[in-house]
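Q: Each residue of the sequence shown is one higher than the last, beginning at -1 in this note's numbering. Idealized CB from N, CA, C, for every residue including glycine. Since this is a predicted model, take the numbers as computed values, not measurements. Have a look at the structure that comes next, please.
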Amino acid sequence: MQRLHQKVALITGAARGIGEAIARAFVDEGAIVIVTDIDHQLGTAVANSLGDRAIYLPLDVRDESAWQAATAEVLQRFGMLHVLVNNAGITGFENGFENGFVAHDPEHASLSDWRAVLATNLDGVFLGCKYAIQTMRKTAVRGSIVNISSRSGLVGIPAATAYAASKAAVRNHTKSVALYCAEQGLPIRCNSIHPAAILTPMWEPMLGQGDDRDARMRDLVRECPMKRFGMPQEVATVAVLLASDEAAYMNGSELNIDGGMLAGSVVRPVS
Ligand code: NDP
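Next comes the structure, spelled out in C-alpha cells:
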C-alpha cells in the first residue's frame, strides 16, 4: 500500500524547490495533490507533469480570500482535505545583490522589508492553518498539517533577522495549532520541519553566476558537518512521513533536516 493512498494534499509554493519535490513524492505515494503557487506558469507545468493525480490552483498565501477560494474549490472537487503543507516562503533576498545589498540585520532592516517577509512566511502559515482546520473539521477526516520552518527558526541569524523571526514564529504556531486541535477533539496533527542549506532556486540570488559560485557554495556549507547541501527530495521524504498515518502519534513536534548542523559544534580538547 502506498503511504498516502488517496489522501488529498494541498502544497503551497509548489512550483519549484522543496514544494515541487514534496508534490512529486506525494504523488508517488498515492496522494491527490493540489499544487499551488504565485508562479502560475511554473505551477501549471509541475501539475501537468504529475499527470491526472495533480491539479494547479493559484494561491498567494498572503491573501485570505485566495485561501477561502482555494479551500472551497478543493472541497467542491475532492470533497475533503487530508494534508496541508505550508511550504511557501521567502528570504527577503529574492532580488539578488546586483542593485545593492538589502539590509536585513536588526539595526538596518526597513519596516517594509521586515513586514514583507513576515507576510509570506508567517501570515501565510497562519492563514493556511486556519483554513485547513476549518476544512478538515467540516469533513471529519484525519488531517495532517506540515509547516516548513527552518534551522533559522531555532537559532539567531543576524543577517536575515525577519526570516529567522518568521521561522521561529512558525515553529511556535505549529505547537499552538497542534494543542488547539487536540483540545478541540479534532483528529488533526500539526508538525514542523526545519531544513537548512537545501539546494533550491532560493539560493540563486546568494550564489550568483560568477566565477566565485563554487567557492560561495563551499563557504555556505562550511559549518555543515556533512559538508554538502541537502537535496529537496531529502526534505520531501520527511514530509511524506509526517503526512502519513505512520506518524499518527507525532504532534507538535519538530524535525531537523540539516546534515547535523544543529547537533552541536565539534570542539576537541587541545593536547
Ligand atoms: P524556492 O524559492 O525555491 O520556492 C519557493 C516557492 O514559493 C516559489 O515557487 C515562490 O514563487 C513561491 N512563493 C513565494 N511567495 C509566495 C506566496 N506569497 N504565495 C505562494 N507562493 C509563494 O524556496 P525553497 O524551495 O528553497 O523553500 C521552500 C520552503 O523551505 C520555504 O518556506 C523556505 O523558507 C524553507 N526553507 C528552505 C531552505 C533551503 O535551504 N532551501 C532551508 C530552510 C527552510 P516565486 O518564485 O514566484 O516567488
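1) Mind checking whether the beta-carbon of R60 lies closer than 6 Å to any heavy atom of the ligand NDP?
2) Would the C-beta of P56 count as close to the ligand NDP, meaning under 6 Å from any of its heavy atoms?
3) Please state whether DSSP places H102 in a helix, a strand or coil.
4) For the segment 193 to 203 and the segment 221 to 229, state whether three or more C-beta atom pairs, one from each stretch, are separated by less than 8 Å.
5) I'd like to check one pair, G41 with D50: are the Cβ atoms closer than 7 Å?
6) Indicate the three-state DSSP secondary structure (helix, strand or coil) for A7 in the structure shown.
7) Hey, would you say M78 sits closer than 7 Å to V6, going by beta carbons?
8) Would you decide whether K136 is buried or exposed? Buried here means 16 or more other CB atoms lie within 10 Å of its CB.
9) As a quick exercise: from E18, A114, L253 and V31, pick the residue whose alpha carbon is nearest that of Y190.
10) DSSP three-state label for D210, please.
11) Please confirm if the segment 160 to 175 is in contact with the segment 133 to 149, defined as three or more CB-CB distances below 8 Å between the two stretches.
12) Among the residues of its own chain, which have a CB less than 8 Å from the CB of A180, if the five just before and after it don't count?
13) Is the beta carbon of H102 sitting closer than 7 Å to the one on A158?
14) Pull up the distance between the alpha-carbon of A64 and that of P185, whole angstroms please.
15) Within 10 angstroms of its Cβ, does Y161 collect 16 or more other Cβ (buried), or is it exposed?
16) Based on Cα-Cα distance, which residue from E62, R216 and V72 lies nearest to A52?
17) Measure from the alpha carbon of V219 to the alpha carbon of each residue in D243, G206, G258 and L239, then state which is nearest.
18) Excluding the 5 residues flanking I30 on each side, which residues of the same chain have their C-beta closer than 8 Å to its C-beta?
19) Compute the distance between the beta-carbons of I155 and T118, then report whether it is under 7 Å.
20) Which of helix, strand or coil does DSSP assign to N84?
21) Rounded to the nearest angstrom, how far is the Cβ of G90 from that of D111, given a contact under 8 Å?
22) Below 8 Å on the Cβ atoms is my guess for I20 versus A246; work out the distance and round it to an integer in Å.
23) So, for L125: in the same chain, excluding its five sequence neighbours on each side, which residues have a beta-carbon less than 6 Å away from its beta-carbon?
24) Buried or exposed for D256, please, with buried defined as at least 16 other CB atoms from any protein chain shown within 10 angstroms of its CB.
25) Look at A130 and T10 and say whether their C-beta atoms are less than 7 Å apart.
26) Say yes only if the C-beta of M215 is nearer than 6 Å to one or more non-hydrogen atoms of the ligand NDP, and no if none qualify.
A: Taking the coordinates as given:
1) As a working note, residue 60 is residue 62 in the sequence shown. Yes, Cβ of R60 sits closer than 6 Å to a heavy atom of the ligand NDP.
2) Sequence index remark: in the sequence shown, residue 56 carries index 58 (1-based). Not so, every heavy atom of the ligand NDP lies at least 6 Å from the Cβ.
3) Working through the sequence shown from its first residue, we reach residue 102 at position 104. Looking at H102 - three-state DSSP - the assignment turns out to be coil, as it is neither helix nor strand.
4) yes
5) Position 52 of the sequence shown holds residue 50. Position 43 of the sequence shown holds residue 41. Going by C-beta atoms, D50 is not nearer than 7 Å to G41.
6) For the purposes of this step, residue 7 is taken as the residue at position 9 of the sequence shown. Note: A7 maps to strand in three-state DSSP.
7) Residue numbering aside, residue 78 sits at position 80 when the sequence shown is read from its first letter. Residue numbering aside, residue 6 sits at position 8 when the sequence shown is read from its first letter. Yes, the Cβ-Cβ distance between M78 and V6 is below 7 Å.
8) Counted from its first residue, the sequence shown places residue 136 at position 138. It counts as exposed.
9) By 1-based counting over the sequence shown, the position of residue 190 is 192. Here residue 190 is Ser; the residue named in the question, Tyr, does not match the sequence. Comparing Cα-Cα distances from S190 to each of E18, A114, L253 and V31, the minimum goes to L253.
10) To locate residue 210, count along the sequence shown from 1; it is residue 212. Looking at D210 - three-state DSSP - the assignment turns out to be coil, as it is neither helix nor strand.
11) yes
12) By 1-based counting over the sequence shown, the position of residue 180 is 182. So the list reads N249, once near-sequence residues are dropped.
13) Reading the sequence shown from its first residue, position 104 is the one you call residue 102. Reading the sequence shown from its first residue, position 160 is the one you call residue 158. Cβ atoms of H102 and A158: closer than 7 Å.
14) Start at 1 with the first residue of the sequence shown, and residue 64 comes out as number 66. Start at 1 with the first residue of the sequence shown, and residue 185 comes out as number 187. Going from the Cα of A64 to the Cα of P185 covers about 25 Å.
15) Mapped onto the sequence shown, residue 161 falls at position 163. By the 10 Å Cβ count, Y161 comes out buried.
16) On the sequence shown, position 54 is the one that residue 52 refers to. That would be V72, whose Cα lies nearest to the Cα of A52.
17) To locate residue 219, count along the sequence shown from 1; it is residue 221. Nearest option by C-alpha distance: G258.
18) Taking the sequence shown and counting its residues from 1, the one referred to as residue 30 is at position 32. Q4, K5, V6, A7, R51, A52 and F76.
19) If you number the sequence shown from 1, residue 155 lands on position 157. If you number the sequence shown from 1, residue 118 lands on position 120. No. Outside cutoff.
20) Counting from 1 along the sequence shown, the entry for residue 84 is found at position 86. Strand, per DSSP.
21) Here the question's residue 90 lines up with position 92 in the sequence shown. Here the question's residue 111 lines up with position 113 in the sequence shown. Going by Cβ atoms, the distance from G90 to D111 rounds to 6 Å, so yes, they are a contact pair.
22) Sequence index remark: in the sequence shown, residue 20 carries index 22 (1-based). Sequence index remark: in the sequence shown, residue 246 carries index 248 (1-based). That belief does not hold up - the Cβ atoms of I20 and A246 are roughly 20 Å apart, past 8 Å.
23) Taking the first residue of the sequence shown as position 1, residue 125 is located at position 127. If we look at L125 and ignore the five residues flanking it on each side, its Cβ neighbours are E62 and W65.
24) By one-based count along the sequence shown, residue 256 stands at place 258. By the neighbour-count rule (16 or more Cβ atoms within 10 Å), D256 is buried.
25) Against the sequence shown, residue 130 aligns to sequence position 132. Against the sequence shown, residue 10 aligns to sequence position 12. No, the Cβ-Cβ distance between A130 and T10 is not below 7 Å.
26) Looking up residue 215 in the sequence shown gives position 217. False, no ligand heavy atom lies under 6 Å from that Cβ.
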